Each structure stands twice: as structure tokens, then as C-alpha cells.
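**Student:**
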Amino acid sequence: MEMHQVRYFLAVARTRNFTRAAEECNVSQPSLTRAIQKLEGELGGPLFRREHSLSHLTDLGRIMLPHLEQTYAAAQAAKSLAEGVRKGSLAPLSIGVTASFAADHLVDLLERLNLSLDGLELTLATAAHAHLVRDMMHGDFDVAILEEAADLPERLRSWQLFRERYQVLCRTDHPFAQLNAIEPALLSGEIWIDRSGCLSSPRFHQLCALADVKPVFRHRAGSEAHLQRMVLAGLGCALSPENVPVEDGLTLRPVHDLDLSRTVLVATVIGRRVSAASDAFLKAARARAWPVTEQQG
DNA sequence: CAAAGCATGCCTTTAGTAAT
DNA sequence: ATTACTAAAGGCATGCTTTG
Numbered sequence: 001m002e003m004h005q006v007r008y009f010l011a012v013a014r015t016r017n018f019t020r021a022a023e024e025c026n027v028s029q030p031s032l033t034r035a036i037q038k039l040e041g042e043l044g045g046p047l048f049r050r051e052h053s054l055s056h057l058t059d060l061g062r063i064m065l066p067h068l069e070q071t072y073a074a075a076q077a078a079k080s081l082a083e084g085v086r087k088g089s090l091a092p093l094s095i096g097v098t099a100s101f102a103a104d105h106l107v108d109l110l111e112r113l114n115l116s117l118d119g120l121e122l123t124l125a126t127a128a129h130a131h132l133v134r135d136m137m138h139g140d141f142d143v144a145i146l147e148e149a150a151d152l153p154e155r156l157r158s159w160q161l162f163r164e165r166y167q168v169l170c171r172t173d174h175p176f177a178q179l180n181a182i183e184p185a186l187l188s189g190e191i192w193i194d195r196s197g198c199l200s201s202p203r204f205h206q207l208c209a210l211a212d213v214k215p216v217f218r219h220r221a222g223s224e225a226h227l228q229r230m231v232l233a234g235l236g237c238a239l240s241p242e243n244v245p246v247e248d249g250l251t252l253r254p255v256h257d258l259d260l261s262r263t264v265l266v267a268t269v270i271g272r273r274v275s276a277a278s279d280a281f282l283k284a285a286r287a288r289a290w291p292v293t294e295q296q297g
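Under UniProt numbering, think of the first position of the first sequence as 1, with each following residue one higher.
#1: Report the rounded CA-to-CA distance for Q5 versus L60, giving the unit in angstroms.
#2: Could you say which of F101, T15 and V244 lies nearest to L132 if we only look at CA atoms?
#3: Taking all protein chains shown into account, do 16 or more other C-beta atoms lie within 10 angstroms of the C-beta of G249, making it buried, or fewer, making it exposed?
#4: Taking the C-alpha atoms as reference points, what is the distance between D140 and S94?
#5: Pull up the CB-CB distance for V168 and R253, whole angstroms please, since I reckon it's below 8 angstroms.
#6: Short of 7 angstroms in beta carbon distance, which residues of its chain neighbour P241, apart from the five on each side in sequence? Order them along the chain.
#7: Alpha carbon to alpha carbon, how far is V107 from C170? Give it in angstroms, no decimals.
#8: On the three-state DSSP scale, how would you describe V107?
#9: Quick check on L282: does DSSP put it in helix, strand or coil?
#10: Can you tell which of G96, R62 and E42 has the C-alpha that lies nearest to the C-alpha of M137?
#11: Just to confirm, are L57 and A128 a CB contact at a threshold of 8 angstroms?
#12: Using 10 angstroms around the beta-carbon of G64, count the other beta-carbons present and answer buried if the total reaches 16, otherwise exposed.
#13: In three-state terms, what does DSSP make of V12?
#14: Can you give the Cα-Cα distance for L43 and Q37, rounded to whole angstroms?
#15: Do the CB positions of E147 and V264 come within less than 8 angstroms of each other?
#16: When the distance is taken between beta carbons, is L239 closer than 8 angstroms to F204?
#17: Can you tell which of R16, Q178, R7 and E51 has the C-alpha that lies nearest to the C-alpha of Q70?
#18: When DSSP labels each residue in this structure, what does G41 get in the three-state scheme?
#19: If we call anything under 8 angstroms between Cβ atoms a contact, is V255 one with P184?
#20: Cβ atoms of D135 and S278: under 8 angstroms apart, would you say?
#21: Closest to C198 by C-alpha separation, out of L260, T172, A177 and D212, would be which residue?
#22: Tell me, please, which residues DSSP counts as bridged to Q167.
#23: Which value, in whole angstroms, describes the spacing of the CA atoms of N26 and V274?
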């Protein structure tokens, strides 16, 4: 099925006249007739009943009409969108954010970007670290905000935004909430919610094993929002980056001597064309004041 | 019978593909 | 890179049927 066939079909459906439809479409009547015949061959039956002055859609034609209208409208929309991108009146930007990064950090940044960039068309998506990196390399994102890791692809060019520690996230009615800082030994026996797909998770397990601290690793959450809901629901405690905004009823408490922190980066892929929108975002992100972590101890 | 409406035969042009 | 072939779109001329 070709788009010109759909276009001709819609013109005939509208005018109920092959000759006038051909004029509308700026082709000769025989060309239009042949295109309709081809479409009918492909769809398995006549779309129009040819009755001279009373030509009209067949049942098949009526059934096809809304689908083909939609098809044509979608194609037209794609065309005008493409034109917008080409002329620079549209500035598409796709940002991938690691699941443990609170999008709250981006609000003012995105607000300024939207004000300064005409035609900004933003896609903001979240994914676990490994998926984010993979999707970034596949071209799904123009820019990624992710954690520093040993195995980041060489083709990623990154800039550090800020560094932050992990702290214990618990309910405000949990005994931990009363402490200024938690002794690691106190974590033993606590029911724990793991951050699945997050780089901090294996590192935390490792640190616990080294210090002979034994939380009960039982639950898993795939996003920061889910993690906080699960803690709110009383399922257990978890680790969260210290700058994550927490829900009412939750609090963050540091752990003594817990060497668990992360570096948050903004990254692009080397060699890929940097769009105006990407460039503006990168510049704004790097110029922005990010949370500063005081040195512990 | 003339005009309107659609179909068909035959042609050219163009784009894509396979072979050299 | 060049050539040959093929398929498809489209145009012109014209035929057939219906309508007024």
C-alpha cells in the first residue's frame, strides 16, 4: 500500500467522483483509477461502487476509510514534524536518566531550557543503569544522566555534576530516625529493600560482608519512587542518595564509616552530532549549582 | 445524441536492482 | 562505475456505459 494510493482513495471518498478526485490530486483520471484498482487488489475487493453520478464507498471502503484517514493524517503529521526539525523550529531532546536520580534536580534546569529554546520537544525517560547505557549507545538518548562506573563505554564523553553519599532511608517512626548517625552494627537484622539495577547495590552487599554487618536483604525496588513507597509501607529500610527528596513520613540518616557514594555524570556519545537542544542542556547542566557533599568524618 | 464518468491500451520516465 | 533489466507511476488517446 502506497501513500499516494491512500491519498487518491481519500479524494475519491470525499468527492465521490474519480475525475474530480484526479483533478484535486493533480494527476490524470486514468492514473488515479489505476492506483485505486491496485489498492483494491491489495485489500481484496472493490472500495467503490462505480455508478456514474452515484459512485460511493462499498462496505469494505467504509470500513477502510477511518483507518486510511488515520494513516494519511499520521504521515502528514510526520512530514510536518520533519519539516519543523529541518527548519530548526523544533528542537527535539531526549534525556535518559538513571533510575536512582531524582528528576526534582532537573526542574529548574528544564524550566530555563524551555524558556530559552523555541520548539523544545523533550522526552525524559528513566532506566536502570545498564539499560540506560545500552539505550544511550543505541541512539535512544541524546544526553544521559548516570552514575560513574568502571565499565562505561569509551565512546561516552562525560562531565561530573556532583558527588553524593548514600544514607539510610527509613520511616520517621523507625528508631533510626532518632539517631544523628547510625552505627553500622545496628543494620544487622534490619529488613532491607535492594535497589535493583543500581550500582550501589552490589557495593553495599560487599561492604556489609566486609564489616560483618547482616541486614536481611529481602525486597527489591526498580525506581526511587517505588523504593520510597515500599519504605513508607513499612517493608523495610533502604539506601538512598543523600540529595534525593524524600516523601513525608520518611527520613534519611547517615551511617558511620559507610564508604558508599556515587558520582553523577552527564554524558553524550563521542562522534555524534550534538543538536542545539543537547548543547544547550549540557551547558546549562554543567553551569548549574549542584548539591555539594561535605566531607564526612 | 452528446456529455459525463470510468476503464484500458500503449507509451515515457524514473527508481531500484542485479550483473559485469 | 557502468550497463541492462524490471517495476511502477503517470500521461494521452480512446473505448464503453449511463444519463439527461
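We treat Cβ as the ideally placed atom computed from N, Cα and C, and that holds for glycine. Predicted model, so just to flag it, every value in this text is computed and none were measured.
**Tutor:** Working from what's here:
#1: Your numbering for residue 5 matches position 5 in the first sequence. Your numbering for residue 60 matches position 60 in the first sequence. Whole-angstrom Cα-Cα distance: 16 angstroms.
#2: Residue 132 sits at position 132 when you count from the first residue of the first sequence. When each option's Cα is compared against that of L132, the closest is F101.
#3: Taking the first sequence and counting its residues from 1, one reaches residue 249 at position 249. G249 should be labelled exposed.
#4: Locating residue 140 in the first sequence gives position 140, where the first residue counts as 1. Locating residue 94 in the first sequence gives position 94, where the first residue counts as 1. Answer to the nearest angstrom: the Cα atoms are 7 angstroms apart.
#5: For the purposes of this step, residue 168 is taken as residue 168 along the first sequence, with counting starting at 1. For the purposes of this step, residue 253 is taken as residue 253 along the first sequence, with counting starting at 1. Yes, they are in contact, since the Cβ atoms of V168 and R253 sit about 5 angstroms apart, within 8 angstroms.
#6: Counting from 1 along the first sequence, the entry for residue 241 is found at position 241. Once the five neighbours on either side are set aside, the close Cβ partners of P241 are S100, E164, Y166 and R262.
#7: The count along the first sequence starts at 1 and reaches residue 170 at position 170. The count along the first sequence starts at 1 and reaches residue 107 at position 107. Roughly 25 angstroms between the two C-alpha positions.
#8: As a position in the first sequence, residue 107 is number 107, starting the count at 1. Of the three classes helix, strand and coil, the one that applies to V107 here is helix, per DSSP.
#9: Working through the first sequence from its first residue, we reach residue 282 at position 282. L282 falls in the helix class under three-state DSSP.
#10: Position 137 of the first sequence, counted from the start, is the residue given in the question as residue 137. Taking only the C-alpha atoms, the option nearest M137 is G96.
#11: The residue labelled residue 57 in the question sits at position 57 within the first sequence. The residue labelled residue 128 in the question sits at position 128 within the first sequence. Taking 8 angstroms as the Cβ cut-off, L57 and A128 do not qualify as a contacting pair.
#12: Within the first sequence, residue 64 is the residue found at index 64, counting from 1. For the sequence presented, residue 64 should be read as Met rather than Gly. Looking at its Cβ environment, which holds 16 or more other Cβ atoms inside 10 Å, M64 is buried.
#13: The count along the first sequence starts at 1 and reaches residue 12 at position 12. V12 falls in the helix class under three-state DSSP.
#14: Translated into the one-based positions of the first sequence, residue 43 becomes position 43. Translated into the one-based positions of the first sequence, residue 37 becomes position 37. The straight-line gap from Cα to Cα measures roughly 10 angstroms.
#15: As a first step, residue 147 is located in the first sequence; it is residue number 147 there, counting from the start. As a first step, residue 264 is located in the first sequence; it is residue number 264 there, counting from the start. Yes, these two residues count as a Cβ contact at 8 angstroms.
#16: Counting from one through the first sequence, the residue named residue 204 turns up at place 204. Counting from one through the first sequence, the residue named residue 239 turns up at place 239. Cβ distance < 8 angstroms, so F204 and L239 count as in contact.
#17: Here residue 70 refers to the residue found at position 70 when the first sequence is read from its first residue. When only C-alpha atoms are compared, the closest one is R7.
#18: The count along the first sequence starts at 1 and reaches residue 41 at position 41. Residue state, collapsed to three classes: helix.
#19: By one-based count along the first sequence, residue 255 stands at place 255. By one-based count along the first sequence, residue 184 stands at place 184. Cβ distance < 8 angstroms, so V255 and P184 count as in contact.
#20: The residue labelled residue 278 in the question sits at position 278 within the first sequence. The residue labelled residue 135 in the question sits at position 135 within the first sequence. Against a cut-off of 8 angstroms, the Cβ pair of D135 and S278 comes out as no contact.
#21: Position 198 of the first sequence holds residue 198. When only C-alpha atoms are compared, the closest one is L260.
#22: Position 167 of the first sequence holds residue 167. DSSP output for Q167 lists S240 as bridge partner(s).
#23: Within the first sequence, numbered from 1, the residue matching residue 26 stands at position 26. Within the first sequence, numbered from 1, the residue matching residue 274 stands at position 274. So the alpha carbons of these two residues sit roughly 41 angstroms apart.
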